[in-house]
Amino acid sequence: DTAVSQTPKYLVTQMGNDKSIKCEQNLGHDTMYWYKQDSKKFLKIMFSYNNKELIINETVPNRFSPKSPDKAHLNLHINSLELGDSAVYFCASSEMTSVSGQYFGPGTRLTVT
Amino acid sequence: RKEVEQDPGPFNVPEGATVAFNCTYSNSASQSFFWYRQDCRKEPKLLMSVYSSGNEDGRFTAQLNRASQYISLLIRDSKLSDSATYLCVVNIDGANNLFFGTGTRLTVIP
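Just so you know, the sequences run in chain order P and W. Numbered per this note's numbering, the first sequence spans residues 162 to 274. Numbered per this note's numbering, the second sequence spans residues 729 to 838.
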């Protein structure tokens, strides 16, 4: 059973396009996250979200927007893709607080050409 | 100063060796600490939480030093399968956000 799943696993697209990455967790967690891991392998949080609060990392361009249809899903929509958006995007989930750690999805490798 | 800092390595050690990684964090109010493991082209996976009194899980021992603001991970009797990048992770702001170090790469050599 996959705890946190993401689709697609690979995404190759051209500059200027709009794309979405889907994430689902079956752990019953209250909070979900999106992270970006760049070419230098640095993992940085983009958003954390539960049913009450969206916390946005202020360095994230507003071309990126999380959308949560329900507690088990947090999708990432990206408008007007740029070359610099190429990275691996990880979805994660945790209980209401992170004291027990977060569980990551397998990642989506985005390449913008 | 970065929130979490680690020596990137690489650490190349023979099988059976003992290896230790340290990590420092900037915010003295940090509340939760973890070690994650990330294999090449895979997602980070929680290895262990780090408790104030220190904790052990098999060959792995984690320590927290609040006074000096560092955490450590000790791996005894290294196995080839321990080869990975080890990420130091700190919950700095008391909310849900985790801050990841850049990772320490370990290669265990036969």
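Ideal placement from N, C-alpha and C gives every residue a C-beta, glycine not left out.
Closer than 8 Å to chain W by CB, residue i
i	result
P:Lys197	no
P:Ile182	no
P:Gln263	yes
P:Phe251	yes
P:Gly268	yes
Short Cβ contact (8 Å threshold) for residue i with residue j
i	j	result
W:Gly858	W:Thr832	No statement about residue 858 of chain W is possible, as the shown extent of chain W runs from 729 to 838 and does not include it.
P:Gln167	P:Gly262	no
W:Val817	W:Tyr764	yes
W:Leu801	W:Phe749	yes
P:Leu210	W:Leu774	The sequence as given places Tyr at residue 210 of chain P; Leu does not occur at that position. Against a cut-off of 8 Å, the Cβ pair of W:Leu774 and P:Tyr210 comes out as no contact.
Cutoff 8 Å: residue i Cβ touching any chain P Cβ
i	result
W:Thr789	no
W:Phe762	yes
W:Leu792	no
W:Glu784	no
W:Glu731	no
W:Gly737	no
Neighbour-count burial assignment, residue i, 16 or more Cβ in a 10 Å radius
i	result
W:Glu771	buried
P:Cys184	buried
P:Val273	buried
P:Thr220	exposed
W:Ser756	exposed
P:Val173	exposed
Reference residue i, options the options, closest by Cα
i	options	result
W:Pro838	W:Asn740, W:Arg794, W:Ile820	W:Asn740
P:Lys202	W:Val836, W:Thr830, W:Arg794	W:Thr830
W:Tyr798	W:Asp767, W:Ser760, W:Arg787	W:Ser760
P:Gly266	P:Lys197, P:Ile217, P:Thr174	P:Lys197
W:Asp767	W:Asn819, W:Phe827, W:Thr813	W:Thr813
P:Ala248	P:Met207, P:Pro227, P:Pro230, P:Met257	P:Met207
Open item on the list: Between the stretch 222 to 242 of chain P and the stretch 808 to 819 of chain W, can you find at least three pairs of beta-carbon atoms closer than 8 Å?
Closed with: The stretch 808 to 819 of chain W is not in contact with the stretch 222 to 242 of chain P.
- [ ] Indicate whether the contact test is met: 3 or more Cβ pairs, each with one atom in the stretch 187 to 196 of chain P and one in the stretch 246 to 254 of chain P, closer than 8 Å.
- [x] Yes, they touch.
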